[in-house]
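Taking it in order: structure first as structure tokens, then the write-up.
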């Protein structure tokens, strides 16, 4: 763990911010009838020029779990963000859209699994390590400066390590048994191991109307980048695509059901770095815009 926590101020992989948008009463462009919630990074302003598409949109920024707090355990973050999102949903009976970036995508997955009777229409996971993270990137090196990716599991797969957010979704394909035994977040969220809440979480998650997965080969942080589409490494570090993953084949949390319903959209964009997804208007128009009306 870095001695200087201030270095995490530039750790886009972990920092989050939530902003809330409510659409103007009579916008001259396509009408978005739902509220629009973001789980974002604190340096990022309004993404994609969204107000150009929906002018008159009100933006409320809520600083939550920034800086040091962004490394809090994943379930703790799910709980805190969930309370904020629930309050927004209560003010928005017409429904909400969720756009969640990087680590925020996993937090939103958790929120959508735990909250019964939520009214989320579209959930957009933007460059998020949905199937796990396993790679030597600059971002991971800031958290584990003295450890190669092959050694991170030693730190992460125990009670102390699980208090650090990134350890909650660190998935070492060479140590699957330790991952399943000691990781208390991702294996439960993706129902990779049995637990008593599987049925309830699956039903809650399937309340969404559309799941949009966005990522690309030039991301540089999410490793493998296919994790943003629920793909991940096998034990030889060959990428196994989403539809061949056990949680898809067994439909453990509803991914195959969403796909069969026609409510799963997978968008691949090349040439976009991790810190650029939020500001790339082509990503917005190509991958998101049609699902936000």
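Residue numbers (the UniProt record's numbering): 1 to 293. By construction, the Cβ of each residue, glycine as well, lies at the ideal position given by its N, Cα and C atoms. Being a predicted model, the structure only gives us computed values, none of them experimental.
Subject >> Contact under 8 Å by Cβ, residue 113 with residue 189 >> reply: As a working note, residue 113 is residue 113 in the chain shown. As a working note, residue 189 is residue 189 in the chain shown. Yes. Within cutoff.
Original post:
Any idea what DSSP makes of residue 257, helix, strand or coil?
Top reply: By one-based count along the chain shown, residue 257 stands at place 257. Residue 257 falls in the helix class under three-state DSSP.
Subject >> Distance between residue 105 and residue 115 (C-alpha atoms, nearest Å) >> reply: Counting from one through the chain shown, the residue named residue 115 turns up at place 115. Counting from one through the chain shown, the residue named residue 105 turns up at place 105. The straight-line gap from Cα to Cα measures roughly 15 Å.
**OP:** Quick one: give me the first and last residue of the beta strand (DSSP E) that residue 126 is part of.
**Re:** The residue you call residue 126 lines up with position 126 of the chain shown. Segment 120-126, the beta strand (DSSP E) holding residue 126.
Original post:
Of the residues 78, 131, 156 and 85, which one's Cα is nearest the Cα of residue 225?
Top reply: Against the chain shown, residue 225 aligns to sequence position 225. Per the Cα distances, 131.
Original post:
Helix or strand or just coil, what does DSSP make of residue 153?
Top reply: By one-based count along the chain shown, residue 153 stands at place 153. Residue 153: helix per DSSP, three-state reduction.
Original post:
Are at least three pairs of beta-carbons, each pair with one atom in the stretch 211-222 and one in the stretch 263-281, less than 8 Å apart?
Top reply: yes
Original post:
Is it buried or exposed for residue 17, if we count other Cβ within 10 angstroms and need 16 for buried?
Top reply: As a first step, residue 17 must be located in the chain shown, where it is residue number 17. Unreliable placement is indicated for residue 17, whose pLDDT of 33 sits below 50; the coordinate value is still reported in the next sentence. Buried, by the Cβ-count rule.
Original post:
Is it the case that the Cβ atoms of residue 171 and residue 186 are separated by a distance below 8 Å?
Top reply: One-based indexing of the chain shown puts residue 171 at position 171. One-based indexing of the chain shown puts residue 186 at position 186. Yes, Cβ-Cβ distance for residue 171 and residue 186 is below 8 Å.
Subject >> Beta-carbon proximity list for residue 33, same chain, < 6 Å, skipping 5 on both sides >> reply: The count along the chain shown starts at 1 and reaches residue 33 at position 33. Bear in mind that a pLDDT of 45 at residue 33, under 50, signals an unreliable position, so the model cannot answer this.
Subject >> Same chain, Cβ closer than 8 Å to residue 282, neighbours up to 5 away in sequence not counted >> reply: Against the chain shown, residue 282 aligns to sequence position 282. So the list reads 269, once near-sequence residues are dropped.
Original post:
Who are the Cβ neighbours of residue 256 in its own chain at under 6 Å, not counting the five residues just before and after it?
Top reply: By 1-based counting over the chain shown, the position of residue 256 is 256. Once the five neighbours on either side are set aside, the close Cβ partners of residue 256 are 248.
Original post:
Using CA coordinates, which residue listed in 238, 156, 165 and 203 is at the minimum distance from residue 180?
Top reply: Taking the first residue of the chain shown as position 1, residue 180 is located at position 180. Here the closest residue by C-alpha is 156.
Subject >> Residue range of the unbroken beta strand (DSSP E) whose run includes residue 108 >> reply: Start at 1 with the first residue of the chain shown, and residue 108 comes out as number 108. No beta strand (DSSP E) holds residue 108; the alpha helix (DSSP H) holding it covers 103-114.
Original post:
Where residue 92 and residue 204 are concerned, what is the direct C-alpha to C-alpha distance, given to the nearest angstrom?
Top reply: Position 92 of the chain shown, counted from the first residue, corresponds to residue 92. Position 204 of the chain shown, counted from the first residue, corresponds to residue 204. Their backbone Cα atoms lie some 18 Å apart in a straight line.
Original post:
What are the boundary residues of the alpha helix (DSSP H) that residue 304 is part of?
Top reply: Residue 304 lies beyond the stretch modelled for the chain, which goes from 1 to 293, so this question has no answer here.
Original post:
So the alpha helix (DSSP H) residue 249 belongs to, where does it begin and stop?
Top reply: For this step, residue 249 is matched to residue 249 along the chain shown. Where residue 249 is concerned, the enclosing alpha helix (DSSP H) stretches over 246-249.
Original post:
If we ignore side chains and look at the alpha-carbon of each, how far apart do residue 213 and residue 154 end up?
Top reply: Taking the first residue of the chain shown as 1, we reach residue 213 at position 213. Taking the first residue of the chain shown as 1, we reach residue 154 at position 154. Near 30 Å, if we compare the C-alpha coordinates of residue 154 and residue 213.
Original post:
Just the Cα atoms here: how many angstroms apart are residue 152 and residue 120?
Top reply: The residue given as residue 152 occupies position 152 in the chain shown. The residue given as residue 120 occupies position 120 in the chain shown. Approximately 35 Å, taken between the alpha carbons.
Original post:
Taking DSSP as the reference, what is the three-state secondary structure of residue 70?
Top reply: Within the chain shown, the letter at position 70 stands for residue 70. Reduced to three states, the DSSP call for residue 70 is helix.
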